[in-house]
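Let me begin by presenting the structure, written as structure tokens, before commenting on it.
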Amino acid sequence: TTNTDRTNYFETVPANQLEKMLWLESDRMGYLLNAVTQEKFEVQRETVKNERGQRVDNQPYGRLGELVDAALYPEGHPYSWQTIGYIEDLNRVNVNDLKAFFLRWYGPNNATLTIGG
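Numbered according to this note's numbering, the sequence shown spans residues 41 to 157.
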């Protein structure tokens, strides 16, 4: 799940697989960007654009959240726009923008790990 402040990753595994899951999360944080290509980026960009169309643009009150946030927060404030973004922004960014964002926000220094069971 994703919102303005965080992205959550959930894994449910048997207790005897905890070490493997921790290794996989470590690998994702450390090496995912090596697997991100322009082609894969384009696929995900189109997926997000389609999701926006389904959940926001093609719903009777789909833009209500955008309008409320724009009214509550000053222009340029991170909460003044929705997490899914705008089509213009999605069209403008490139794979290098994605990688820079990932390096800034999706590393171990910015992660919280919760284990229950």
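Glycine residues also receive a C-beta, built at the ideal position from the N, C-alpha and C atoms.
Whether or not the region 123–131 and the region 59–76 are in contact is what I'm after, with contact meaning three or more pairs of Cβ atoms, one per stretch, closer than 8 Å; do they touch?
When C-beta atoms of the region 59–76 are compared with those of the region 123–131, fewer than three pairs fall below 8 Å, so the two segments do not count as touching.
Close-in-space but distant-in-sequence residues of the same chain around M69 (CB under 8 Å, 5 per side omitted):
In the sequence shown, the residue the question calls residue 69 occupies position 29. Annotation for M69: Y146, G147, P148, A151 place their beta carbon closer than 8 Å to its own, counting only its chain and skipping 5 residues before and after.
So, are the CB atoms of S120 and D137 less than 8 Å apart?
If you number the sequence shown from 1, residue 120 lands on position 80. If you number the sequence shown from 1, residue 137 lands on position 97. With contacts defined as CB atoms closer than 8 Å, S120 and D137 fail to qualify as a contacting pair.
Assuming contact is defined by CB atoms lying nearer than 8 Å, are N43 and T123 in contact in what I supplied?
Locating residue 43 in the sequence shown gives position 3, where the first residue counts as 1. Locating residue 123 in the sequence shown gives position 83, where the first residue counts as 1. Between N43 and T123, the C-beta spacing is below 8 Å.
Any heavy atom of the ligand SAM closer than 7 Å to the beta-carbon of K139?
The ligand content of the structure shown is nil, which means the ligand SAM is not present either.
Between D45 and P118, what straight-line distance do the alpha-carbon atoms span, to the nearest angstrom?
Sequence index remark: in the sequence shown, residue 45 carries index 5 (1-based). Sequence index remark: in the sequence shown, residue 118 carries index 78 (1-based). Rounded to whole angstroms, D45 to P118 spans 9 Å at the Cα level.
Runs of alpha helix (DSSP H) lying entirely within the region 109–137, each at least 4 residues, in chain order:
Within the region 109–137, the complete alpha helix (DSSP H) segments of 4 residues or longer fall at 127–132, listed in chain order.
Do R85 and V96 have their CB atoms nearer than 8 Å?
Your numbering for residue 85 matches position 45 in the sequence shown. Your numbering for residue 96 matches position 56 in the sequence shown. In terms of Cβ geometry, R85 and V96 do not form a close pair [threshold 8 Å].
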